[in-house]
Amino acid sequence: MKGYERHDEVLNTQQLLLSIIDLATQRGAHPDKLLKGTKLFYNDLTRVNVNKKPVTCSANTLLTVIENCSKLVKGNEISFLLGRRYFPSHLGLLGQALMNCRHLADMLRLCQCFQLDCFPLMNLTIKTFNDKSYLIFQSAVGKLSSNQQIFITEFMLSALLGAMKYRCGELPELKIHLDYAKVQHIEQYHVHLNMNNHENIQFDQQICMLTIASKQLYLPFNDSANSLKVLALQQMRQVAKLNNKHYPISFTLQLIRYINQGLANNVAVSQECCAQHFGYSSATLKRKLASHSLNYQGIIDNIRSQQAIFQLIICHDSNEKIADALYFTDVSNFRKAFKRWTGMTPNSMREQQCFF
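The numbers in full-length UniProt numbering rise by one with no breaks, and the one at position 72 of the sequence shown is 72.
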């Protein structure tokens, strides 16, 4: 199945775009300025389609509106307000299915299965170690600007935590690690994320993720109805079939999964091998990556560095164990690569990181 790219108009985000524009308009921004650079007009989003088909857009369009919003609107609360109203009202049949999941783990699995509909710009990966689970966020559509990264991360956190509180009755104990510098609007995090302990939000971390006790993910929802979940999913499949719609992941994520699998099995993952796997020439693959502001070696370095950082600061593995897991010939080469990836040695990162 072909993965969607940044320019492909496959995102069913008409309601999301209208919500962003309406929230920004209420704060003084003009709709035309918010849509500048998208080739869309506000009337395009509000017009009723006689065929009852939603207006679709590309990731580039959504990212452009987010960038415009971040520059035009002061206050930095729109991302949080957007996330708080996202579940379940913005998700239609998928929202109904999520409402009737057995527990949080079931909800997260469904979010991963329907990533295009749930969080089209970000990818959610779940890792476990000892008694904790780590929800790791990464861009699903290539490189993001600082404004886009912060806005989308705040939106995802607000939506996820809002869904957790809605279904659990109260917010489980969480810890948030953000891979960008501390923002000036930190009070918005405390207000909208309902994090009572301010120390549970840390900036300038090496990985963007949310930490939760694994047992919290499997506490049953007593009011869930599996029959309603199954019905909603069946209706989604029927609608998808009528509209000839599939649920692909992004081209970027397809590429990352291919490289991940190759690295995990110590199989050659050269750019030439990757291009051949996806049916492209090396030049075509290079052009596609450039359109996402990426390059092939950079993706490999990012995958290996993220794995190394996780093993180092979460699993507390030794340099030798990490080097072996990443198939380095010796520890010295691993140290050199780690410093090239992160700007510091493994031992320096151990001393500086304060993961709790």
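Yeah, the Cβ is synthetic: ideal placement off N, Cα and C, and Gly gets one too. Only a predicted model underlies this, so the values are computations on that prediction, with no experimental measurement involved.
- The way I'd put it, the stretch 251-270 does touch the stretch 294-305; three or more beta-carbon pairs between them come closer than 8 Å.
- Looking at L17, L174, A232, the one whose alpha-carbon comes closest to that of E199 is L174.
- Collapsing the DSSP output to three states places M344 in coil.
- N222 is not a Cβ neighbour of N100, given a cutoff of 8 Å.
- Here M195 carries a coil assignment [DSSP, helix/strand/coil].
- The three-state reading of DSSP puts H190 in helix, counting H, G and I together.
- Note on the stretch 144-177: whole beta strand (DSSP E) runs with a minimum of 3 residues are 174-177, in chain order.
- Beta-bridge annotation (DSSP): Q202 is paired with H177.
- Annotation: the continuous beta strand (DSSP E) that includes T128 extends over 122-129.
- Comparing alpha carbon positions, the residue from E272, I136, L231 closest to H177 is I136.
- Three or more beta-carbon pairs separated by less than 8 Å link the stretch 69-87 to the stretch 148-155, which places the two stretches in contact.
- Of all alpha-carbon atoms in R47, I21, G83, the one lying nearest the alpha-carbon of K36 is that of I21.
- Runs of the alpha helix (DSSP H) spanning 4 or more residues and lying entirely within the stretch 25-93 occur at 31-34, 42-46, 59-72, 78-84, in chain order.
- When the beta-carbon positions are compared, Q148 and L63 come within less than 8 Å of each other.
- For Y4, the pairing in a beta bridge is given by DSSP as S250.
- For the alpha helix (DSSP H) assignment, the uninterrupted runs of no fewer than 4 residues enclosed by the UniProt domain "HTH araC/xylS-type" (253-352) are, from N- to C-terminal side, 271-278, 282-291, 296-313, 319-325, 331-342, 346-352.
- The alpha-carbon separation between P346 and Q112 amounts to approximately 32 Å.
- Counting C-beta pairs with one atom in each stretch, the stretch 118-134 and the stretch 208-220 have three or more that are closer than 8 Å, which means they touch.
- Remark: C-beta atoms of T13 and P120 approach each other more closely than 8 Å.
- Here L210 is bridged, per DSSP, to L135, I176.
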